[in-house]
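In order, the protein sequence lines correspond to chains Y and C. Quick note: the first sequence uses UniProt numbering, first residue 1, plus one each step. Quick note: the second sequence uses UniProt numbering, first residue 1, plus one each step.
Protein chains: 2
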Amino acid sequence: MTGWQQVLPLGAGASLPRWVADARLAQLAWSRLAEPEDLEARRFVGHRGPSAALERLASPAPVSAAECFEGESVERLRRGLARWASRWDQTDPERDLDRLHALGGRVVLPGDAEWPDGLALLDGDEPFALWVRGPLDLAAACERSIAVVGARAATAYGERIASQLGIGLGDAGATTISGAALGIDGAAHRGALASGGPTVAVLACGVDRAYPPSHAALLRALCEEGLVVSELPPGSSPMKRRFLQRNRLIAAAAGATVVVEAGWRSGALSTANRAQMIGKPIGAVPGPITSPSSEGCHRLLRREAVCITDASEALQLLKITRADPERPVPARPHDGLSDLAGRVLDAVPLLDPRSAQSIVGAAGLPLEEVRAGLEDLVMHGLVVPEGGGWRRAPLEEPPTGRGQ
Amino acid sequence: MTGWQQVLPLGAGASLPRWVADARLAQLAWSRLAEPEDLEARRFVGHRGPSAALERLASPAPVSAAECFEGESVERLRRGLARWASRWDQTDPERDLDRLHALGGRVVLPGDAEWPDGLALLDGDEPFALWVRGPLDLAAACERSIAVVGARAATAYGERIASQLGIGLGDAGATTISGAALGIDGAAHRGALASGGPTVAVLACGVDRAYPPSHAALLRALCEEGLVVSELPPGSSPMKRRFLQRNRLIAAAAGATVVVEAGWRSGALSTANRAQMIGKPIGAVPGPITSPSSEGCHRLLRREAVCITDASEALQLLKITRADPERPVPARPHDGLSDLAGRVLDAVPLLDPRSAQSIVGAAGLPLEEVRAGLEDLVMHGLVVPEGGGWRRAPLEEPPTGRGQ
């Protein structure tokens, strides 16, 4: 991405491509222009509609306070326009569509019959579009579905369980949703495919990419018998932050999320965390407490996750209705965090809850500011209340094995 | 035990042994005369005091309605007297005390300084006396204690975890309470002893017995460095039902109960169940879901048990205060169950809750009677409500490996 100067790719008066005026194509253009984590872009397009938003992007007029909607500021809008303009040259939704159609794919946009109901829970963080390959109906497949996720660095135990869950869900006619990654994800998809059950892979790259390369055959099978889905247009590369954003789609599309194996700071925990934040039930498969690959699962079990030992127990999760879904939080929890909140965060313990009063000492801040900081952190999903005190929510980081 | 005819061991006018008049010795006599599971005996002695109760037992007068206290009936009292009289000949608390003192032991009675506070939670099901060996103060040892229990048929994994918990608790200065059985219990005690930490074994036989025989050296070490406790007088044999009763003492004496490994129907679950019923926190150590030896733990984790992976997490259980301890239930859940309740019980599923309405069909009883039966079953701790329906509480059965 370019820096922060305002880039004006089109000269004033240059004519805009005709797809700008087509709302569906314009929407697809935005899925190229903005990163999945770019909440500013979603807000910008949401307020103006995709075509008008593109026209504004192409206009050389300086940003004025008058044009800002609620939640926007001149400064942030100026930065946003510069960011999106930097991808203008690469953007051609007609070419992207052609590429997808050549692969037998299709796009699904918000409001389309195939758009999964659960994505509405993302509330402002919904994807611009889904690029889809495979014979199943996406909305129908998500209707009775379990996300089976876990670490890439899985053990033989974990992979065995994941594939048994996929088989069991398939046998019950339920859909296995996962991320097609190495380890748990792949095993879950394979189990589902083996049982002839529906399965959906949500990728962190274009649906034309075979990533990870060793899963090329699996992805091909998923395109033929299941579904492969991405919010990124064809050709997009898998990038670290895209995996975290992808996780929110898995969490929202599935009826419940089950973590099979996850290290202490595994990225799979972020999927569970997302699911929980939007009010979806979560489960975790236990393992030997001597296995670092199960530490994240045990951590979840010490919180709200239900202990899952087979597919029928996973399906029971679908019957749980959360009385109090936590409010959806922005896509990037650390984004927009004040210095104050950051300082308070450093003083919040990872596991054992600590009272606001005792955070005062650790943070070196007055109680009033600690309270304000905590409120901010809770809003960002970084801190959770527990037993009258406060502790950190699981970190959203990509799998790195055992951290601490 | 003899049948049900009224046995009159002392002829009318024969003089009673002098210990009958000594309240402490009379109390000890009752711990010989009545089985731990004999609630009727506790009620009988509770209403009259131990000496007067013995005098009534020795009297040949037929039972009259006039002498019955609340909760007693002529019929039940007649049976009770016959039952207790059948052990009269074996009863000599002075001899029992001599035997205990010869081993360096002592007795602790309700109200004594060493009587563990937690036993009061048993509410009508407290033991008559505790026969104790070992250098520790029993009440002090129970103050900050965790029951570490589990299957006799433990795996190497389970034994390793149990001994690590014992070590960790000992390092933290907390007491490991267990039952000195093969498998998990022994490993927990050994860990505690290895760390020099306090540990208490509660036996289902006399404290002079080395049971299981292969734990003779362990029991010796416990007598020298920890505590060995039983509600049964010296010489008493370990019997199946005594193990279940022993479990209630472990659950009540400890601050919290952690199950390390337990099969689907392991007796260790009864300890957790007891702890839960009297409002004590319970924890369970997860294991591979492929291991039958962890099935009971996972079953607990799907209920109220907290996931425990180390000693510090076990100690955190002590901070949990249950807002709503379930009401204590009688010692023997099936005791006094009506035919109606028994019929309803057969129709209540083991795991997946079923509505009262759907139990109607299965039980072949009108809804009103099903409701009455369910109420009875809940009172007996045999059935628990879940998600608007009903299912069975874990069965209280001695360890038999994997059932189902």
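Note that CB positions come from ideal geometry on N, CA and C, so glycine has one too.
Determine the closest residue to residue i out of the options, with distance taken between C-alpha atoms.
i: Pro-281(Y); options: Ala-268(Y), Tyr-157(Y), Ala-305(Y), Pro-213(Y); result: Ala-305(Y)
i: Glu-37(Y); options: Ala-181(Y), Glu-368(Y), Arg-83(Y); result: Arg-83(Y)
i: Glu-295(Y); options: Cys-297(C), Gly-287(C), Ser-291(C), Pro-292(C); result: Gly-287(C)
i: Ser-64(Y); options: Arg-78(Y), Asp-96(Y), Ile-184(Y); result: Arg-78(Y)
i: Ser-195(Y); options: Ala-216(Y), Ala-172(Y), Val-384(Y); result: Ala-172(Y)
i: Lys-319(Y); options: Ser-338(C), Leu-318(C), Ser-31(C), Gly-389(C); result: Gly-389(C)
i: Arg-76(C); options: Pro-62(C), Asp-89(C), Arg-87(C); result: Pro-62(C)
i: Asp-137(C); options: Val-348(C), Ala-363(C), Thr-199(C); result: Thr-199(C)
i: His-189(Y); options: Asp-89(Y), Ala-53(Y), Glu-231(Y), Ile-167(Y); result: Ile-167(Y)
i: Tyr-157(Y); options: Ala-187(Y), Arg-354(Y), Asn-247(Y), Pro-17(Y); result: Ala-187(Y)
i: Glu-126(Y); options: Ala-201(Y), Asn-247(Y), Glu-369(Y); result: Asn-247(Y)
i: Val-202(Y); options: Leu-97(Y), Ala-217(Y), Leu-244(Y), Ser-163(Y); result: Leu-244(Y)
i: Glu-70(C); options: Ala-372(C), Val-360(C), Val-45(C), Glu-369(C); result: Val-45(C)
i: Arg-241(Y); options: Pro-213(Y), Ala-217(Y), Ser-270(Y); result: Ser-270(Y)
i: Leu-232(C); options: Ala-29(C), Gly-191(C), Ser-15(C); result: Ala-29(C)
i: residue 472(Y); options: Ala-217(Y), Ala-21(Y), Gly-226(Y); result: Here chain Y covers residues 1 to 404 and nothing more, so residue 472(Y) does not appear.
i: Ala-102(Y); options: Arg-87(Y), Trp-131(Y), Ala-356(Y); result: Trp-131(Y)
i: Gly-342(C); options: Leu-351(C), Asp-352(C), Ala-372(C); result: Ala-372(C)
i: Asp-22(C); options: Ser-51(C), Val-285(C), Ala-356(C); result: Ser-51(C)
i: Ser-31(Y); options: Val-74(Y), Gln-357(Y), Arg-87(Y); result: Arg-87(Y)
i: Gly-183(Y); options: Ala-174(Y), Gly-197(Y), Pro-212(Y); result: Pro-212(Y)
i: Ala-256(C); options: Arg-144(C), Arg-265(C), Arg-302(C), Thr-155(C); result: Arg-144(C)
i: Arg-391(Y); options: Glu-375(Y), Leu-367(Y), Arg-354(Y); result: Arg-354(Y)
i: Asp-92(Y); options: Leu-33(Y), Glu-368(Y), Trp-115(Y); result: Leu-33(Y)
Can you give me the start and stop residues for the alpha helix (DSSP H) that residue i sits inside?
i: Ala-162(C); result: 156-171
i: Pro-93(C); result: 93-102
i: Glu-194(C); result: Before going further, note that residue 194(C) is Ala rather than Glu in the sequence given. Looking at the DSSP string, the run of the alpha helix (DSSP H) that includes Ala-194(C) is 184-194.
i: Ala-393(Y); result: Premise fails: Ala-393(Y) is in no alpha helix (DSSP H) and is neither H nor E.
i: Ser-358(C); result: 356-363
i: Ala-347(C); result: 339-347
i: Gly-80(Y); result: 74-85
i: Ala-372(Y); result: 367-379
i: residue 406(C); result: There is simply no residue 406(C) to check, as chain C begins at 1 and stops at 404 in what is shown.
Output, in chain order, the set of chain C residues within a Cβ distance shorter than 8 angstroms of residue i.
i: Leu-301(Y); result: Pro-286, Leu-301, Cys-307
i: Tyr-157(Y); result: Pro-288, Thr-290
List, in order along the chain, the chain Y residues whose C-beta lies closer than 7 angstroms to that of residue i?
i: residue 451(C); result: The question about residue 451(C) has no answer here: the residues shown for chain C are numbered 1 through 404.
i: His-298(C); result: Pro-286, Cys-307, Thr-309
How is the beta strand (DSSP E) around residue i delimited, first residue to last?
i: Leu-130(Y); result: 130-133
i: Thr-257(C); result: 256-259
i: Thr-312(Y); result: Residue identity differs from the one stated: residue 312(Y) is Ser in this sequence, not Thr. No beta strand (DSSP E) holds Ser-312(Y); the alpha helix (DSSP H) holding it covers 311-316.
i: Val-200(C); result: 199-202
i: Glu-386(C); result: 383-386
i: Arg-299(Y); result: Note, Arg-299(Y): premise wrong, no beta strand (DSSP E); alpha helix (DSSP H) at 295-301.
i: Ile-282(Y); result: 282-284
i: Thr-175(Y); result: 175-178
i: Arg-106(C); result: 106-108
Tell me, to the nearest whole angstrom, how far the beta carbon of residue i is from that of residue j; I am working on the premise that it is less than 8 angstroms.
i: residue 432(C); j: Leu-219(C); result: Because residue 432(C) is not part of the residues shown, which for chain C are 1 to 404, the question remains open.
i: Ala-254(Y); j: Ile-146(Y); result: 6 angstroms
i: Gly-206(Y); j: Ser-236(Y); result: 4 angstroms
i: Ala-393(Y); j: Gly-381(Y); result: 6 angstroms
i: Leu-109(C); j: Arg-24(C); result: 6 angstroms
i: Val-370(C); j: Val-360(C); result: 5 angstroms
i: residue 407(Y); j: Gly-170(Y); result: Outside the displayed range of chain Y (1 to 404) lies residue 407(Y), so it cannot be described from this structure.
i: Val-107(C); j: Leu-97(C); result: 7 angstroms
i: Ala-216(Y); j: Ala-210(Y); result: 4 angstroms
i: Pro-234(Y); j: Leu-100(Y); result: 6 angstroms
Quick one: complete alpha helix (DSSP H) runs, 4+ long, within the region 15-71 of chain Y?
23-33, 39-48, 50-58
Which ranges would you report for the beta strand (DSSP E) in the region 217-274 of chain C if only whole runs of at least 3 residues count?
227-230, 256-259
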